[in-house]
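Here the structure is laid out as structure tokens; the discussion comes afterwards.
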Amino acid sequence: MLGMIACGAVLGRILGVASIDRLALETRLIADEVAKRAAAGTPIDPAIARKTIEREKRLIRPFLSANDRSRWLTLRSLVEQGTFAIDGIVVEPGWDTIDAVAHKDSKGTMRLYSSKPPLLSVLLAGPYWVIHQTTGWTLGDHPFEIGRMLMVLYGVFPLAIMICFTAMLVERIGTSDWGRIWSVALISLGTYLTTFSSVLTNHLPAAACTALSAWFVFRIRNDQVRRFSTFFMAGLFAGLAAALELPALAWTTLVAVGLGVIDPRRTLLATLPAFALIAMAAVGTNWLAHGTLTPAYAHRNEPNDNWYRYSITLTNGKTLESYWTNPKGTDRGEPSQGLYAVHSLVGHHGIFSLTPAWLLLIPGLVMLSRSCDREHRRAATAIALVSLVVIAFYLSRGQPDRNYGGMTSAFRWVFWLAPLWVAAIVPVADKLSGCNRGRALGLLLLGSSVMSAAYPSWNPWVHPWLYHFMVHIGLVMPV
Numbered sequence: 001m002l003g004m005i006a007c008g009a010v011l012g013r014i015l016g017v018a019s020i021d022r023l024a025l026e027t028r029l030i031a032d033e034v035a036k037r038a039a040a041g042t043p044i045d046p047a048i049a050r051k052t053i054e055r056e057k058r059l060i061r062p063f064l065s066a067n068d069r070s071r072w073l074t075l076r077s078l079v080e081q082g083t084f085a086i087d088g089i090v091v092e093p094g095w096d097t098i099d100a101v102a103h104k105d106s107k108g109t110m111r112l113y114s115s116k117p118p119l120l121s122v123l124l125a126g127p128y129w130v131i132h133q134t135t136g137w138t139l140g141d142h143p144f145e146i147g148r149m150l151m152v153l154y155g156v157f158p159l160a161i162m163i164c165f166t167a168m169l170v171e172r173i174g175t176s177d178w179g180r181i182w183s184v185a186l187i188s189l190g191t192y193l194t195t196f197s198s199v200l201t202n203h204l205p206a207a208a209c210t211a212l213s214a215w216f217v218f219r220i221r222n223d224q225v226r227r228f229s230t231f232f233m234a235g236l237f238a239g240l241a242a243a244l245e246l247p248a249l250a251w252t253t254l255v256a257v258g259l260g261v262i263d264p265r266r267t268l269l270a271t272l273p274a275f276a277l278i279a280m281a282a283v284g285t286n287w288l289a290h291g292t293l294t295p296a297y298a299h300r301n302e303p304n305d306n307w308y309r310y311s312i313t314l315t316n317g318k319t320l321e322s323y324w325t326n327p328k329g330t331d332r333g334e335p336s337q338g339l340y341a342v343h344s345l346v347g348h349h350g351i352f353s354l355t356p357a358w359l360l361l362i363p364g365l366v367m368l369s370r371s372c373d374r375e376h377r378r379a380a381t382a383i384a385l386v387s388l389v390v391i392a393f394y395l396s397r398g399q400p401d402r403n404y405g406g407m408t409s410a411f412r413w414v415f416w417l418a419p420l421w422v423a424a425i426v427p428v429a430d431k432l433s434g435c436n437r438g439r440a441l442g443l444l445l446l447g448s449s450v451m452s453a454a455y456p457s458w459n460p461w462v463h464p465w466l467y468h469f470m471v472h473i474g475l476v477m478p479v
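Residue numbering for the sequence shown follows this note's numbering, starting at 1 and increasing by one per position.
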């Protein structure tokens with residue numbers, strides 16, 4: 001199994017390898033510029049000049065997309081300037097983003113803001129504040145040193161939590177060692193959550209919260225744990241999952257119903273207050289950022305208050321026009337809803353085509369629903385219902401939203417469901433472990449899933465391998 005995982009990862013990197021050496025390019029350009037200034041007779045300190053030019057050029061940066069830079073901008077602005085407005089930082093080289101909105105602040109001045117819900121940025125600003133106050137460094141001056149330190153906390157830590165609590169569920173549900181190992185290998189290396197652990201998104205924290213809440217629900221329903229703290233934690237993490245991924249509200253609702261049936265009193269006194277705490281935090285941070293209770297994306301289609309269509313003069317005197325006035329490529333949206341559904345499920349951004357291990361989800365749910373354990377049957381119903389609601393929600397969106405998640409290596413809006421899906425697959429993995437052919441099939445599905453996740457080895461904000469393959473053979477037109 002380890003050999004198949006290794007081969008799948010290497011195959012993904014082989015498919016994704018390309019000659020992209022911006023570090024060498026930046027080094028050469030800096031050296032040329034320093035030499036040019038020295039030749040002109042300009043008094044120059046090579047070390048200072050190199051640092052200045054390096055910041056001006058900024059060809060390499062650890063923040064790989066407008067998507068994650070949008071959140072990093074809010075982090076910087078909160079810590080360095082004490083405001084949610086990002087127009088004072090977006091002018092710096094390498095800190096541009098298209099994921100922004102503009103509206104007037106409390107003083108009536110037009111300002112630029114991240115379009116992302118502010119709660120996550122507020123939660124993550126604390127560690128950066130500590131670093132900034134302790135060292136005086138900023139992400140502008142030391143993007144790699146600080147950025148990589150923070151991504152250990154923002155990426156590795158939630159990934160470890162998600163794997164750990166999913167593995168705990170697998171251990172309890174599984175009946176064979178091979179099936180358990182296969183399932184934990186899938187959540188560890190076979191999903192795109194590992195791919196996206198190097199960038200700042202809401203998907204990985206949401207998946208970690210889903211795994212945590214699922215474990216506490218399991219403890220309550222299967223182990224008859226009746227501590228108020230367990231009910232509170234189940235509600236807290238289910239609520240936070242919904243705050244980070246709005247469609248996860250379906251999971252939050254089922255958690256409330258499932259716990260309410262078991263113990264109405266503790267649900268009322270512990271779980272619902274936890275929900276309320278998260279809701280107040282989400283709404284409160286949105287009010288602090290934008291002066292309104294409605295999130296930024298709710299203003300996208302407002303005829304007289306569209307925050308996504310703007311023209312704003314920045315602090316450097318340049319005028320910034322909104323990208324969303326005339327979006328390009330994938331961001332224009334897929335005109336055909338049917339074609340969008342096909343490619344989102346089994347096509348170039350397909351849930352099942354890019355992670356073939358998810359093909360075992362339906363038989364896994366069927367097996368769970370036929371289990372002699374009543375709680376397993378109810379879990380199958382809950383996971384199936386949440387999955388259908390979430391997938392239907394995204395497939396039914398209008399054309400502007402039918403963009404597969406933008407320039408991305410997978411259909412990222414369902415990543416947070418991975419812990420639930422792995423738990424549902426465990427019975428099938430146990431079944432496959434019973435014969436050589438079954439194990440071979442399981443290893444093939446696992447290896448191909450690892451391959452897909454490994455393909456975008458240096459940047460998850462690229463099209464998936466299947467998209468490039470379809471373009472190469474002429475099945476789809478490049479966008």
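Don't be surprised by glycine CBs; every beta carbon is placed ideally from N, CA and C.
Own chain, CB closer than 7 angstroms to residue 353, minus 5 neighbours either side, in chain order: Within the sequence shown, residue 353 is the residue found at index 353, counting from 1. If we look at residue 353 and ignore the five residues flanking it on each side, its Cβ neighbours are 346, 347 and 466.
On the three-state DSSP scale, how would you describe residue 226? Reading the sequence shown from its first residue, position 226 is the one you call residue 226. Secondary structure at residue 226: coil, using DSSP grouped into helix, strand and coil.
Using a Cβ-Cβ cutoff of less than 7 angstroms, which residues in the same chain neighbour residue 482 once the five nearest sequence positions on both sides are dropped? Residue 482 lies beyond the residue range present for the chain, which begins at 1 and ends at 479; the question has no answer from this structure.
Inter-stretch contact at 8 angstroms, needing at least 3 Cβ pairs: the stretch 214-229 / the stretch 264-276: The answer is yes - the stretch 264-276 touches the stretch 214-229, with three or more Cβ pairs under 8 angstroms.
Nearest by alpha-carbon distance to residue 206: which of 161, 367 and 260 is it? Along the sequence shown, one-based indexing puts residue 206 at 206. Measuring from the Cα of residue 206, the nearest candidate turns out to be 161.
Quick check: what's the CA-CA separation for residue 461 versus residue 468? As a working note, residue 461 is residue 461 in the sequence shown. As a working note, residue 468 is residue 468 in the sequence shown. Distance between residue 461 and residue 468, taken at the CA atoms: about 14 angstroms.
Going by the DSSP bridge assignment, what does residue 319 pair with across the sheet? Locating residue 319 in the sequence shown gives position 319, counting from the first residue. Looking at the DSSP output, residue 319 bridges to 313.
List the residues that DSSP assigns as beta-bridge partners of residue 102. As a working note, residue 102 is residue 102 in the sequence shown. Beta-bridge pairing links residue 102 to 112.
Contact between the stretch 415-423 and the stretch 209-219 is defined here as three or more beta-carbon pairs at a separation below 8 angstroms; is this criterion met? Yes, since at least three Cβ pairs between the stretch 415-423 and the stretch 209-219 fall closer than 8 angstroms, the two stretches touch.
In chain order, what residues of the same chain have a beta carbon less than 6 angstroms from the beta carbon of residue 166, not counting five sequence neighbours either side? Position 166 of the sequence shown, counting from 1, holds the residue named residue 166. Excluding residues within five positions, the ones whose Cβ falls inside 6 angstroms are 187, 211, 419 and 422.
CB-CB under 7 angstroms to residue 266, same chain, minus the five flanking residues each way: which ones, in chain order? Along the sequence shown, read from residue 1 onward, the residue named residue 266 stands at position 266. When the five nearest sequence neighbours on each side are left out, the beta carbons in the same chain lying within less than 7 angstroms of the beta carbon of residue 266 are those of 226, 228 and 231, in order along the chain.
Residue 198 classed as buried or exposed, judged by whether at least 16 other C-beta atoms fall within 10 angstroms: Along the sequence shown, one-based indexing puts residue 198 at 198. That one is buried.
Within 9 angstroms, strictly: CB atoms of residue 101 and residue 121: Locating residue 101 in the sequence shown gives position 101, counting from the first residue. Locating residue 121 in the sequence shown gives position 121, counting from the first residue. At the C-beta level, residue 101 and residue 121 stay beyond 9 angstroms of one another.
For a minimum of 3 consecutive residues, which ranges assigned as the beta strand (DSSP E) are wholly contained in the stretch 248-289? Here no run is fully enclosed.
Might you give, ordered along the chain, the residues of its own chain that have their beta carbon closer than 6 angstroms to the beta carbon of residue 264, omitting 5 neighbours on each side? Translated into the one-based positions of the sequence shown, residue 264 becomes position 264. Sequence-distant Cβ neighbours of residue 264 in its own chain, meaning closer than 6 angstroms and more than five residues away, do not exist here.
Who are the Cβ neighbours of residue 274 in its own chain at under 7 angstroms, not counting the five residues just before and after it? Residue numbering aside, residue 274 sits at position 274 when the sequence shown is read from its first letter. 232, 235, 236 and 239, listed in sequence order.
Residue 216 (DSSP reduced to helix, strand or coil): As a working mapping, residue 216 is identified with position 216 in the sequence shown. The three-state secondary structure of residue 216, taken from DSSP, is helix.
Residue 309: which of 318, 297, 317 and 316 sits nearest, CA to CA? Mapped onto the sequence shown, residue 309 falls at position 309. Closest option to residue 309, Cα to Cα, is 297.
Only counting runs of 4 or more residues, tell me where the alpha helix (DSSP H) segments fall wholly within the stretch 321-361, in order along the chain. Counting whole runs of 4 or more residues, the stretch 321-361 contains the alpha helix (DSSP H) stretches 337-345 and 351-354.
Could you give the first and the last residue of the continuous alpha helix (DSSP H) run that contains residue 128? As a position in the sequence shown, residue 128 is number 128, starting the count at 1. Per DSSP, the unbroken alpha helix (DSSP H) holding residue 128 starts and ends at 118-135.
Would you call the stretch 393-404 and the stretch 324-337 in contact, with 3 or more CB pairs under 8 angstroms? Touching, yes.
If you draw a straight line from the C-alpha of residue 132 to the C-alpha of residue 138, how long is it? Numbered from its first residue, the sequence shown carries residue 132 at position 132. Numbered from its first residue, the sequence shown carries residue 138 at position 138. Residue 132 and residue 138 have their C-alpha atoms roughly 6 angstroms apart.
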